[in-house]
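Protein chains in written order, with numbering that gives the first Met the number 0: chain C, 0 to 132; chain D, 0 to 448. Note that the Cβ used here is the ideal one computed from N, Cα and C, for glycine as well. These numbers come from a predicted model, not from an experiment. Just below is one structure, and these are the notes that go with it.
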Amino acid sequence: MPYRQLDHEADLALEVWGANQAALLTEAALALADFMGARTESGSASVDVAVAGLDLADALVRWLQEVLYWITVRGLRLAAAEAEPGPDFAVRGRLIGQWSQAGLAREIKAVTYHGLELVESPGRQTARLVCDL
Amino acid sequence: MRTSGLVYVSPALQTVSENALNQVMNVACLPGIVGQALAMPDVHWGYGFPIGGVAAFDCDEGVISPGGVGYDINCGVGCLRSDLAAAELKPSLENLLAALFAAIPAGLGGSGLKLGSKDFAAVTREGAAWLVKQGRLADGDLNAFEDGGRLEGADQATLSERAAERGRSQLGTLGSGNHFIEIDAVETIYDQAAARAFGLESGQVVIQVHTGSRGFGYQVCDDYLHRMLKRSFGFELPDRQLVAAPLASAEGRAYRAAMTACANYAFVNRGLIYAAIREVFEAHCGCSWEQLGLRLIQDCCHNIAKFDKIGDRELCIHRKGATRALPPGDQRLPAAYRTVGQPVLVPGDLGRCSYILAASSGASASFFSACHGAGRSLSRHQAKAGARGRNLRAELAGQNIQVLCASQATLAEELPEAYKDVSQVVMTIEGAGLARRVARLGPLGVIKG
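Right, dumping it as structure tokens:
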């Protein structure tokens with residue numbers, strides 16, 4: 000998985016990366032699901048998600064808050080995620096997996112704006128984000 | 000900065016982290032702040048405001064900040080006293096804890112009382128009084144809640160569908176993280192007069208509860224962070240998480256109404272847990288909760304923005320990880336506490352002790368606020384690393400403290416060394432004249448989410 004947990008004073012700090020914005024958004028969604036024990040091998044359930052951010056960082060936070068909602072409140076377990084960044088920091092995407100009533104291994108209560116960093120380098124987009132546990 | 004910051008510390012406490020100090024400075028930059036940006040001795044890093052932060056804002060020129068209240072709106076602590084002696088309960092403590100663990104949902108997710116739309120609206124509007132109507136709390140219990148367990152001004156129209164969805168399924172649940180139910184023995188009495196007023200004596204059993212508004216509060220916080228970030232209110236934000244809206248703006252008024260709904264919900268959430276605790280004790284002991292003397296001493300809010308009159312001025316006082324502390328003589332106190340001051344509940348960590356304080360007259364210097372707990376000294380990540388390879392439950396059992404938890408991972412994050420020494424925290428509060436020690440409590444059994 001292209002993410003790692005950072006040593007941070009915060010509850011949970013993650014560094015996530017992808018080849019481009021779409022990949023970063025996808026990998027960030029899967030990283031949250033992985034941390035919470037909300038991954039599944041496959042599934043036929045899907046939900047469409049659309050968010051509009053004030054900038055790319057805001058779009059990432061809102062996208063991940065949607066992911067959290069579908070996992071923690073509605074019980075979606077993620078097999079895959081698709082994200083398509085649009086103009087004006089909009090993101091359209093799809094979360095794919097299966098529904099489950101089984102409990103999660105860990106809870107992430109919120110994705111925050113605190114210490115949020117986006118770093119762009121050739122062929123790689125990296126985000127560092129902090130979550131409340 | 001529009002004002003200076005003041006952090007209550009003492010040499011015995013560990014150094015305050017630079018991140019938390021920066022957050023105190025950030026709070027001091029917000030418009031309409033009155034007096035200094037304060038931090039209690041249990042201060043540690045938070046989101047936007049530091050945890051342990053207190054800041055008051057002018058109601059005309061000031062702001063209200065979701066980051067100054069926290070995600071878990073009206074997270075708080077309550078304490079039930081009893082006529083039971085710790086010595087007589089100890090032999091059956093394991094069974095009692097198991098019964099509490101079975102009766103009160105703990106850990107991730109919902110599985111609480113399921114509410115229809117009408118009842119949810121009533122809960123958010125009426126607060127703890129709703130439980131009296133339902134026969135779950137007694138009329139007399141309301142006196143022990145701050146503001147009688149109800150804040151005025153909740154408005155359903157300010158809540159998103161998601162917020163209501165999350166609130167309807169989680170009532171009466173403890174949650175995860177640092178939330179707990181703890182059975183304690185009163186170990187030491189420091190102030191006999193206040194102890195008598197609170198109904199405390201050495202050797203008796205008391206029960207503490209720590210929880211808040213669950214996913215409902217989180218959703219409201221997220222909703223209003225987004226809503227406020229969309230607007231420019233003409234002041235620079237040092238940190239997006241500290242976004243705030245003028246109290247007089249549409250966004251400020253709407254957040255206040257939504258926060259109030261969450262606060263009332265949290266009063267009901269803790270109230271349902273008090274009711275469940277009484278039922279479990281009744282079944283365990285074979286007599287009524289009244290015969291057991293299971294009276295609520297106090298229910299304290301410690302994540303809230305309260306509108307209080309200080310002198311002639313109406314202020315919006317943000318307390319994030321801080322407890323209201325009304326001193327002796329304050330007319331807002333119930334008659335039983337008016338001569339000694341408001342009980343201030345200060346839970347410690349799993350393995351050491353907790354305190355019940357009484358507010359002192361010096362609390363006027365802190366907008367009538369005191370600390371709320373021990374305060375973390377290690378991050379959850381560091382705590383987990385420290386717990387690796389250890390059997391924490393066995394270690395605590397060796398100290399005669401029984402622990403039941405929904406998640407082993409949570410227990411590792413909550414190891415005693417992850418927190419400051421609560422005794423030093425309360426000594427600092429006492430030294431500053433904000434509140435004084437009434438009783439020290441020692442843990443016998445703990446349920447963690």
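Terminal residues of the continuous alpha helix (DSSP H) containing D:C404? First-last for D:C404: 401 to 404, but that is the beta strand (DSSP E), not the alpha helix (DSSP H).
C:E83 to C:A51, Cα distance in whole Å? 12 Å
Neighbour-count burial assignment, D:D71, 16 or more Cβ in a 10 Å radius: buried
Using 8 Å for Cβ pairs, my map puts C:L103 next to C:M0. What's the rounded Cβ distance? That pair is no contact at about 17 Å.
Report the residue from C:W16, C:D10, C:Y2 whose alpha carbon sits nearest the alpha carbon of C:G122. C:W16
Considering only DSSP beta bridges, list what C:T125 is partnered with. C:W16, C:V118
If you measure from the beta carbon of C:Q4 to each beta carbon in chain D, is any gap under 9 Å? yes
Assuming D:C300 contacts D:L246 (C-beta within less than 8 Å), just tell me the rounded distance between them. In fact, because the Cβ distance is near 19 Å, the residues do not count as touching under 8 Å.
What do you get for D:N73, buried or exposed, if any count of 16 or more other CB atoms within 10 angstroms of its CB means buried? buried
Below 8 Å CB to CB, which residues in the same chain sit around C:D87 once its five sequence neighbours on both sides are set aside? A51
Counting beta carbon pairs with one atom in the region 54 to 64 of chain C and one in the region 111 to 130 of chain C, are three or more of them shorter than 8 Å? yes
Beta-ladder partner(s) of C:W98, from DSSP: C:L75
Would you mind giving the Cβ-Cβ distance between D:D41 and D:P442, rounded to the nearest angstrom? I have them listed as a contact below 8 Å. With a Cβ gap of about 18 Å, D:D41 and D:P442 do not count as contacting.
Taking the straight line between their C-alpha atoms, what separation do you get for C:S45 and C:A21? 18 Å
Please list the partners that C:A109 has in chain D, where partner means a Cβ-to-Cβ separation under 9 Å. Y46, Y70, Y217, C220, D221
Leaving out the 5 sequence neighbours to the left and right, which residues in its chain are closer than 6 Å to D:G270 when beta-carbon positions are compared? A127, L130, L136
Is D:C74 helix, strand or coil when you go by DSSP? coil
Where the region 365 to 394 of chain D meets chain C: residues whose CB sits under 7 Å from a CB there: S378, R379, H380
In angstroms, rounded to a whole number, what distance separates the CA positions of C:V66 and D:I276? 35 Å
Contact criterion: CB-CB distance below 9 Å. Does C:T71 meet it with respect to chain D? yes
Hey, out of D:E181, D:Q203, D:D311, whose CA is closest to D:I188's CA? D:Q203
Taking just the CA atoms, how far does C:A32 sit from C:G96? 11 Å
Sorted by chain position, which residues of the same chain lie with C-beta nearer than 7 Å to D:L49's C-beta, five sequence neighbours on each side aside? Contrary to the premise, residue 49 of chain D reads as Pro rather than Leu in this sequence. For D:P49, where only same-chain residues beyond five positions count, the Cβ hits under 7 Å are A19, Q22, V23, A38, V42, H43.
Under 9 Å between the Cβ atoms of D:F197 and D:A438? yes
Could you round the C-beta distance between D:Q297 and D:L344 to whole angstroms and report it? I think they count as a contact, below 8 Å. 6 Å
In the region 163 to 177 of chain D, which residues sit with their C-beta less than 8 Å from some C-beta in chain C, listed in chain order? E164, R165, S175, G176
So D:L349 and D:V421 are supposed to be a Cβ contact under 8 Å. How far apart are they, rounded? Incorrect: roughly 11 Å between the Cβ atoms, too far for contact.
For the region 208 to 216 of chain D and the region 139 to 156 of chain D, state whether three or more C-beta atom pairs, one from each stretch, are separated by less than 8 Å. no
Opposite D:H43 in the DSSP bridges: which residues? D:I50
Assigned secondary structure, D:C28 (DSSP; H/G/I helix, E/B strand, else coil): coil
Using only alpha-carbon positions, find the residue among D:R331, D:E60, D:Q341 that is nearest to D:S359. D:Q341
Using a Cβ-Cβ distance cut-off of 9 Å, determine whether D:S406 contacts chain C. yes
Length of the line joining the Cα atoms of D:Y462 and D:A153: Limits of chain D in this structure are 0 at one end and 448 at the other, which puts residue 462 of chain D out of reach.
Do we get a CB-CB distance below 9 Å when we pair D:L228 with the residues of chain C? yes
Step through the CB atoms of chain D and report whether any lies within less than 9 Å of the CB of C:V129. yes
Our contact map puts D:L96 next to D:G347 with C-beta atoms below 8 Å; I'd like the distance itself, whole angstroms only. About 19 Å separates the two Cβ atoms, so there is no contact after all.
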